[in-house]
Every structure is written in structure tokens, then in C-alpha cells.
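Read left to right, the sequence shown gives residues 229 to 483 (the working numbering).
Backbone N, C-alpha and C fix where the C-beta goes; we use that ideal spot for every residue, glycine too.
Here the structure is laid out as C-alpha cells; the discussion comes afterwards.
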Amino acid sequence: MIPTQLVWFSWSVAFLVPWALLYWRFPAHRRAMWRSSLLTTPFGLTEPLFVPEYWDPPSLFDLAQRTGFDVESLIFCFGIGGVAAVLVAALTRRTRTAAPAHERTASRHRFHRWALASPFITFVALLPLGWNPIYPGIVAMLVGGVASLLCRPDLARVILLGGVAFVAYYAVFLVGLEASAPADYIRSVWNLQALSGVMIGFIPLEEVLFAFGFGTYWSGIYEHVTWHQLHSAGITPQVATTPEHHAPHDTEGAP
229 MIPTQLVWFS WSVAFLVPWA LLYWRFPAHR RAMWRSSLLT TPFGLTEPLF
279 VPEYWDPPSL FDLAQRTGFD VESLIFCFGI GGVAAVLVAA LTRRTRTAAP
329 AHERTASRHR FHRWALASPF ITFVALLPLG WNPIYPGIVA MLVGGVASLL
379 CRPDLARVIL LGGVAFVAYY AVFLVGLEAS APADYIRSVW NLQALSGVMI
429 GFIPLEEVLF AFGFGTYWSG IYEHVTWHQL HSAGITPQVA TTPEHHAPHD
479 TEGAP
């Protein structure tokens, strides 16, 4: 049994294990993992919005209780970002290639930057409503996922599978948390009185919704930002060569 003070730290570090395994096993996705993880890590600095409104986990040096910030949130955000960005591609053995020029100039991409920014705009717009901050976060990620799907319909399967796959992935860690933490850890640390009260077994509904929202938005974020596509192994996209796009088979490799 993990001591209460170390549960959050141990749980956050545990997310680095599959990150490292994916990084080792799938060299072609390493750059995407690094960049995605570095993008998500700063979100750990939003922890003061969630402590104690959403939860109040004992943390190293009691940082969360004294300042709202903690080391664990940065580790957690790093771990989930890289995995969510490549989980579907790794599971389905898809390869990443540069998007063709005609895809980049499609009319729907006039909203490209707005689609990428939509979750951040949504979160900031909803936060003043006084909801528990987890709900603006969930809605913001779902809005981001839908915006990405509309902007990049070629990523629809990846985005939808990403939500489902990340729920399953995240649930494994919640089961591990329940098994290794002191009794009633979740009920004592999560602020269930301020939430919906709906539990799926021992898991708060909000955690499931968070995982689905994060998976839908983040599973296609790297391809969306860097103008890449995912293809089944062995299938090469047919792309007309243009001055702007002279390397259609530029499969991404390790950094």
C-alpha cells in the first residue's frame, strides 16, 4: 500500500512508464511524443484552478495544499500528452506523412488557427460562469475535438478512436490507483460533493469525461498542427508534386 502522501506522486510517475515503452517501441513517433508532451506539460500549472475545487490530493512537500501548484501535475501532463498524441497511431500501426498541398489550401482551413485555439477560448469563456473548473475543461476539449474533426475530416477516425482508447488507457491507471492507494482515497481526495455525484464503479464520471475529451482533442493535435496525415502501414498516399510540397512521402522519424 502506497503512503497517502506519495499516492499522487506515484500515480503521476506511473504515466511515464507506458510513455517510455511507446517511445522505445515506436521510433517513428518519437518526435510527435516529445513535442506533444512538451506542449501539455505547462497545463500542469493550471492546478491551482482545480485545488481544492475539484480535488485536493496530498502532494510532495504539501505544495498543492500550500500553493495550489505541485510537481506531480507537471509530470502527469507530460506523460498523458505524448501518449494521447500517438496512442491510436501506435495501436493501428499507422504511419505519418506530410499532408499534400491541396489539403492545406482547402477552404475549410481558413479556420485552421481558430480550430486549434477553440478549446482555450472555450475554457476562458466558460470559467467565469462559476462551474466547477473540470466542466469548462471537459467542454473545451470536446469543442476542440469537434473543431479538429470539422477542419481535418481525414483525422475523424483517429479523433474518435482517440477518445475511446484514452478512456480505456486512463481507466487502467484509475484501477491501479484504487488498488494501491489507502482505502477510500478517491472519495476523500476528489471533491465529490461539488461534482455530479455519478460514479462508474469507484470512478467519478468527470474523470471518464475528462479522458474522453482529452483523447478526442489530443489524438489528432500533432497532425493538425504540423500538417501531417496518418495512413495504414503499406499504403502510400497519391499526391501531386508541387513546389510547396516536393516530398509527399516524408515519413517522420526519430528526433
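Contact check, residue i vs residue j, beta carbons under 9 Å
| i | j | result |
| --- | --- | --- |
| Val-245 | Ala-409 | no |
| Trp-252 | Met-369 | no |
| Ile-230 | Ser-238 | yes |
| Ala-312 | Gly-443 | yes |
| Ile-366 | Leu-423 | no |
| Ala-393 | Leu-266 | no |
| Trp-247 | Met-261 | yes |
Reference residue i; option with closest CA among the options
| i | options | result |
| --- | --- | --- |
| His-459 | Ala-317, Tyr-282, Met-261, Trp-247 | Ala-317 |
| Thr-350 | Asn-360, Gly-372, Val-417 | Gly-372 |
| Cys-379 | Gly-358, Trp-455, Val-352 | Trp-455 |
| Val-386 | Phe-254, Pro-285, Gln-457 | Gln-457 |
| His-452 | Arg-263, Thr-323, Leu-383, Arg-338 | Leu-383 |
| Glu-441 | Phe-297, Glu-331, Pro-364 | Rather than Glu, the amino acid found at residue 441 in this sequence is Gly. Nearest of Phe-297, Glu-331, Pro-364 to Gly-441, Cα basis: Pro-364. |
| Gly-391 | Gly-404, Leu-377, Val-403 | Leu-377 |
Span separating the alpha-carbon of residue i from that of residue j
| i | j | result |
| --- | --- | --- |
| Thr-320 | Gly-272 | 29 Å |
| Val-400 | Phe-438 | 15 Å |
| Val-436 | Glu-300 | 20 Å |
| Phe-289 | Val-279 | 15 Å |
| His-473 | Gln-293 | Residue placement at His-473 cannot be trusted, given a pLDDT of 41 that sits under 50; what the coordinates show is reported in the next sentence. Roughly 52 Å between the two C-alpha positions. |
| Ser-264 | Thr-274 | 17 Å |
| Gly-429 | Ile-449 | 31 Å |
Where residue i sits in the DSSP three-state scheme
| i | result |
| --- | --- |
| Met-229 | coil |
| Pro-432 | strand |
| Trp-283 | strand |
| Gly-448 | coil |
Which residues DSSP lists as bridging residue i, in chain order
| i | result |
| --- | --- |
| Ala-326 | His-456 |
| Met-427 | Pro-432 |
| Trp-418 | Trp-283 |
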